[in-house]
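The structure appears below as structure tokens.
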Amino acid sequence: QKEVEQDPGPLSVPEGAIVSLNCTYSNSAFQYFMWYRQYSRKGPELLMYTYSSGNKEDGRFTAQVDKSSKYISLFIRDSQPSDSATYLCAMSRGNYQLIWGAGTKLIIKP
Amino acid sequence: DAGITQSPRHKVTETGTPVTLRCHQTENHRYMYWYRQDPGHGLRLIHYSYGVKDTDKGEVSDGYSVSRSKTEDFLLTLESATSSQTSVYFCAISEGGGAGTDTQYFGPGTRLTVL
Chain A
46 QKEVEQDPGP
56 LSVPEGAIVS
66 LNCTYSNSAF
76 QYFMWYRQYS
86 RKGPELLMYT
96 YSSGNKEDGR
106 FTAQVDKSSK
116 YISLFIRDSQ
126 PSDSATYLCA
136 MSRGNYQLIW
146 GAGTKLIIKP
Chain B
480 DAGITQSPRH
490 KVTETGTPVT
500 LRCHQTENHR
510 YMYWYRQDPG
520 HGLRLIHYSY
530 GVKDTDKGEV
540 SDGYSVSRSK
550 TEDFLLTLES
560 ATSSQTSVYF
570 CAISEGGGAG
580 TDTQYFGPGT
590 RLTVL
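So the sequence lines, in the order shown, correspond to chains A and B.
Our numbering applies: residue 46 is where the first sequence begins, and numbers increase by one.
Our numbering applies: residue 480 is where the second sequence begins, and numbers increase by one.
Structure below.
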């Protein structure tokens, strides 16, 4: 079993919808939780990171961590076609070593 | 891509040949990483470096070696390429070796095909 599980999708939603992306994990030692966005044929770029449990908001993006359930989420409000990309979750115990989900491909239809 | 270049961007080679991929950064970051990305596996760390001549193995290091003789350059070598090493290779850099605040910035990637 992988340490981090992420549904590969694709997830297709209409423009303006609220998108929910999720990852589950098995290692309770993870303290840092990150979401990266990767456009086709590009490298990943950091969207948000959260330390321990709770919520973090940045514009249209909200990251949630539920350590009791070992579950993290990324919500995108008012989704735009430019949000179409693959979203990767990554986790760490606190050092350089990131454990990655496989990524969810998101398609926003105009 | 945060001052990171990778070369070549695409390469097709044959089984058994040596291959070297280059990562060059202009950010003067201490940490550099090599990952591979394969469908269904996400990103997996091959090797990383925490300074000039200081390197260590990641989770999928077999068949790969690295060298870092200058802060700005990190080389990944496949000594004898195999078809299982067909993948997209990403270089990343970070100022420090922590998570969270020590963001890893990624290069554009190299697509390697081993026939």
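Beta carbons are placed, not taken as given, at the ideal position from N, Cα and C, and that holds for glycine.
Residues that DSSP places opposite residue i in a beta bridge
i: residue 84 (chain A); result: For residue 84 (chain A), which the question treats as bridged, DSSP gives no partner whatsoever.
i: residue 102 (chain A); result: A:107
i: residue 526 (chain B); result: B:513, B:536
i: residue 556 (chain B); result: B:499, B:544
i: residue 482 (chain B); result: Answer is none; residue 482 (chain B) lacks a bridge partner.
i: residue 114 (chain A); result: Partner(s): none; residue 114 (chain A) has no beta bridge.
Exposed unless 16 or more other CB atoms sit within 10 angstroms - verdict on residue i
i: residue 572 (chain B); result: buried
i: residue 491 (chain B); result: exposed
i: residue 594 (chain B); result: exposed
i: residue 566 (chain B); result: buried
i: residue 81 (chain A); result: buried
i: residue 514 (chain B); result: buried
i: residue 116 (chain A); result: exposed
Simplified DSSP state of residue i, which is helix, strand or coil
i: residue 126 (chain A); result: helix
i: residue 564 (chain B); result: helix
i: residue 51 (chain A); result: coil
i: residue 573 (chain B); result: strand
i: residue 594 (chain B); result: coil
i: residue 491 (chain B); result: strand
i: residue 121 (chain A); result: strand
i: residue 72 (chain A); result: coil
i: residue 89 (chain A); result: coil
i: residue 62 (chain A); result: coil
i: residue 512 (chain B); result: strand
i: residue 503 (chain B); result: strand
i: residue 108 (chain A); result: strand
i: residue 545 (chain B); result: strand
i: residue 143 (chain A); result: coil
i: residue 498 (chain B); result: strand
i: residue 550 (chain B); result: coil
i: residue 521 (chain B); result: strand
Nearest-angstrom beta carbon gap, residue j and residue i [assumed within contact, 8 Å]
i: residue 555 (chain B); j: residue 539 (chain B); result: So it is not a contact: roughly 12 Å between Cβ atoms.
i: residue 93 (chain A); j: residue 108 (chain A); result: 5 Å
i: residue 95 (chain A); j: residue 78 (chain A); result: 5 Å
i: residue 581 (chain B); j: residue 588 (chain B); result: Rounded, the Cβ-Cβ distance is 21 Å, inconsistent with contact.
i: residue 49 (chain A); j: residue 124 (chain A); result: Residue 49 (chain A) to residue 124 (chain A), Cβ: 24 Å. No contact.
beta-carbon residue i near the ligand ADP non-hydrogen atom, thresh 7 Å
i: residue 84 (chain A); result: Ligands in the displayed structure: none, and consequently the ligand ADP is not present.
Count the C-beta pairs between the stretch 547 to 563 of chain B and the stretch 60 to 75 of chain A that are closer than 8 Å, then say yes if the count reaches three, no if not. no
Given 8 Å, three or more beta-carbon pairs between the stretch 495 to 511 of chain B and the stretch 124 to 132 of chain A: no
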